[in-house]
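**Student:** Here's a structure for you.
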Amino acid sequence: MSADARLQGLTSWNADWSGLRVAVLGLSMTGFSVADTLTELGADVLVLSESAEEEYARLLPVIGARLELGPLAEVPSALRDFEPEVVIASPGFPPSHPVIRWVQESGIALWGDVELAWRVRDKVTRPDGTPADWVLITGTNGKTTTTQLTATLLVEGGLRAAPCGNIGVPVLDAVRDPAGFDVLVVELSSHQLWYIGQSHLEGQLVPYSSVCLNLADDHLVWHGSARAYRDAKAQVYRNTRVACVYNKADEATMRMVEEADVIEGARAIGFDLGIPGPSDLGVVDGLLVDRAFLDDRRRSALELTTLHDLEEAGLAAPHIVQNILAASALARSLGVEPEAIHSALQKFRLDAHRIQVIARHAGITWVDDSKATNPHAAASSLRAYPGAVWVVGGDLKGVDIAELVADVGVTARAAVVIGVDRAPVVAAFERHAPAVPVFEVDAGDTGQVMTRVVEIAAGIAGDEGTVLLAPAAASFDQFSGYADRGHRFAEAVRDWIDRGSADDAGGPHPAL
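The sequence shown begins at 90 in my numbering and counts up by one.
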């Protein structure tokens, strides 16, 4: 049997995977889940990585895999000598990587962890013997929140559902969970979607429903162009069976649905903050309503929740409402009743660092949206808090910030610029928003960056002002991640408040 023919037949946990030579690129959480799965299946596994956490390196030989540590700037001889039948790459490896190019030029099958998970998804099945349905979620922004929301709504509706994928739990771990699920809610990055697009298996990855929340330039260095990034995101709709959910306010997502090769009978379901048409979800007189999943959708609508209730739960920012509508559409496609959606939203709370109010003191509201790692996300935050003192900057990842500054940066009271890419941010303000005061914080001692930011911002915000950390950039230039950046911002705010309280003769300590 040829290698291609054998791979075409490997579409079940119960298929014969024994002896299949698989090279795994990268030993992160995802890479280890791939190696662990394949060794359990009896494959011959070689893991290649430039570095490895001690625990993963120690466990690999225990589970029966081999590890080659060393540079991957060129194709290692160990990989050539292994003559892999399949290479499964962690999503950090871009299409331009020398090893990925070698794999493709050599005609070797190239998978990501998501394709492997789909092939073995029947390891644990539902009582009727079928594997869990998959719901796919992507977008430049809002993926994690929408994934969490969708899983929460499904569970409230009585389904066994698990969020997984780019949200932090490898899909393979969810597939192999002995508890089993009715639905896997899979968050997918553009990197993972690019790898899905490399699959040549007919009918591979057939989601129940899917959504691309929005599209804006991001990860352009990884993909090589905005078009390539867009095409990767569009993979989310391929082979969708029931509902292709799209953002009516973002024409790019509508075009993706129009161009998608879907299963016959799949419906296009729109959402936005306006009055919905038939087959849409939207907002009418302060009510979030569904006009898609009911019999008389031309003349009636189903109430899901109210903007008032969302405001009380801290979920009323416009972009969060859009995420709620998208998640509700996905949940409704799986039969979750409106009452369950309303009940779940009363209890749901956003994760830290997502438009999170961390303190109110001396007339200033401090907001941490460190998760706004690109201009599109930052624009949503700025629209939610017009006139804020904007803390912006970091590693721009090759994205031009000028359009963001011209569109919504002009509404800021002032800008406090951080990060290694300060020059293009400052230049954008000089050109497009010259009336907005700009203050730079030198990279210097990264441990003191946020202390200086808070001191500057507090002096500008005045009474009843807002300071918004929405960097529109990645964080790894100065911090270990967006969470670290947000934590340091919050700590600096608390220190500033404590210093002010110490100077206040007998005044009460503020509640945080």
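The beta carbon of each residue, even a glycine, is placed where N, CA and C say it ideally should be.
Beta-carbon separation of Gly452 and Gly554 under 8 Å?
**Tutor:** yes
**Student:** When the distance is taken between beta carbons, is Tyr318 closer than 8 Å to Ala279?
**Tutor:** For the record, residue 279 in the displayed sequence is Ser; it is not Ala. Closer than 8 Å, so yes.
**Student:** How far does the alpha helix (DSSP H) with Asp239 in it extend, from its first residue to its last?
**Tutor:** The sequence shown places Thr at residue 239, not Asp. Where Thr239 is concerned, the enclosing alpha helix (DSSP H) stretches over 232-245.
**Student:** What three-state label does DSSP hand Arg388 in the structure shown?
**Tutor:** coil
**Student:** What first and last residue would you give for the beta strand (DSSP E) that runs through Pro252?
**Tutor:** It spans 250-254 - the beta strand (DSSP E) in which Pro252 sits, taken as one unbroken run.
**Student:** In the DSSP assignment, the alpha helix (DSSP H) including Ser432 goes from what residue to what residue?
**Tutor:** For Ser432, the enclosing alpha helix (DSSP H) begins and ends at 427-436.
**Student:** Specify, as a first and last residue, the run of the alpha helix (DSSP H) that Asp202 falls within.
**Tutor:** 202-208
**Student:** Can you tell me which of the three DSSP states Pro259 falls into?
**Tutor:** coil
**Student:** Hey, would you say Val213 sits closer than 8 Å to Leu114, going by beta carbons?
**Tutor:** no
**Student:** What is the DSSP secondary structure of Asp379, reduced to helix, strand or coil?
**Tutor:** strand
**Student:** CB-CB under 8 Å to Ala146, same chain, minus the five flanking residues each way: which ones, in chain order?
**Tutor:** Excluding sequence neighbours, Ala146 sits near Leu116, Leu156, Leu158.
**Student:** What's the C-alpha gap between Ala477 and Arg380?
**Tutor:** In a straight line, the C-alpha of Ala477 is about 36 Å away from that of Arg380.
**Student:** Residues in the same chain with beta-carbon distance under 8 Å from Ala321, minus the five sequence neighbours each way, listed in chain order, please.
**Tutor:** Here the set comprises Ser279, His280, Leu282, Trp283, Gly286, His312.
**Student:** Can you give me the Cβ contacts of Val542 inside the same chain, cut-off strictly under 6 Å, excluding the 5 residues immediately before and after it?
**Tutor:** Closer than 6 Å at the Cβ level, and outside the excluded window around Val542, lie Val480, Val505, Val530.
**Student:** In three-state DSSP terms, what is Phe528?
**Tutor:** strand
**Student:** CB-CB under 8 Å to Asn328, same chain, minus the five flanking residues each way: which ones, in chain order?
**Tutor:** Gly292, Gln293, Leu294, Val295, Pro296, Asp350, Val351, Ile352
**Student:** What's the C-alpha gap between Pro464 and Ile490?
**Tutor:** 6 Å
**Student:** Which partner residues of Val494 appear in the DSSP bridge assignment?
**Tutor:** In the DSSP output, where bridge partners are listed per residue, Val494 has none listed.
**Student:** Would the beta-carbon of Val310 fall within 8 Å of that of Gly498?
**Tutor:** no
**Student:** With a Cβ-Cβ cutoff of 8 Å, do Leu168 and Leu137 count as a contact?
**Tutor:** yes
**Student:** Can you list, in chain order, the stretches of the beta strand (DSSP E) that have 3 or more residues and sit fully within the segment 440-522?
**Tutor:** 445-450, 453-457, 478-481, 503-506
**Student:** Rounded C-beta distance between Cys301 and Thr227? I'm assuming under 8 Å.
**Tutor:** 5 Å
**Student:** Taking only three categories from DSSP, how would you classify Leu558?
**Tutor:** strand
**Student:** Is it the case that the segment 370-378 contacts the segment 388-399, given that we only count it when at least three CB pairs across the two stretches are under 8 Å?
**Tutor:** Yes, the segment 388-399 touches the segment 370-378.
**Student:** With a threshold of 8 Å on Cβ separation, who are the neighbours of Gln567 within its own chain once the five nearest residues in sequence on each side are excluded?
**Tutor:** Gly483, Ile507, Gly508, Val509, Ala532, Thr535, Val538, Arg574
**Student:** I'd like the ranges of any alpha helix (DSSP H) spanning at least 4 consecutive residues and lying wholly in the segment 255-333.
**Tutor:** 260-264, 279-285, 309-312, 315-323
**Student:** Taking the alpha carbon of Glu163 as the reference point, which residue from Arg190, Gly153, Pro407 has its own alpha carbon closest?
**Tutor:** Of the candidates Arg190, Gly153, Pro407, the one whose C-alpha sits nearest the C-alpha of Glu163 is Arg190.
**Student:** By a C-beta neighbour count over all protein chains shown, 10 Å radius and 16 as the cutoff for buried, is Lys460 buried or exposed?
**Tutor:** buried
**Student:** Less than 8 Å between the CB atoms is what I'm expecting for Asp211 and Ser288, so what's the real figure, rounded?
**Tutor:** Not quite, the Cβ-Cβ distance comes to about 18 Å (not below 8 Å), so this is no contact.
**Student:** Rounded to whole angstroms, what is the Cα-Cα separation between Phe121 and Ala522?
**Tutor:** 48 Å
**Student:** Please return the same chain residues whose Cβ sits closer than 8 Å to the Cβ of Ser432, not counting the five positions on each side in sequence.
**Tutor:** Glu245
**Student:** Can you have a look at Ala516 and say buried or exposed, based on whether 16 or more other CB atoms are within 10 angstroms of its CB?
**Tutor:** exposed
**Student:** Are the CB atoms of Thr394 and Ile430 nearer to each other than 8 Å?
**Tutor:** yes
**Student:** Taking 8 Å as the threshold (C-beta atoms), are Asn303 and His254 in contact?
**Tutor:** One point to set straight first is that residue 254 is Gly, not His, in the sequence displayed. In this structure, Asn303 does not lie closer than 8 Å to Gly254 by Cβ.
**Student:** Could you compute how far the alpha carbon of Ala600 sits from the alpha carbon of Arg438?
**Tutor:** Low local confidence applies: a pLDDT of 30 at Ala600 is under 50, so the model's placement there is unreliable, and no value is given.
**Student:** Under the DSSP definition of a beta bridge, which residues are partnered with Val113?
**Tutor:** Per DSSP, Val136, Ile177.
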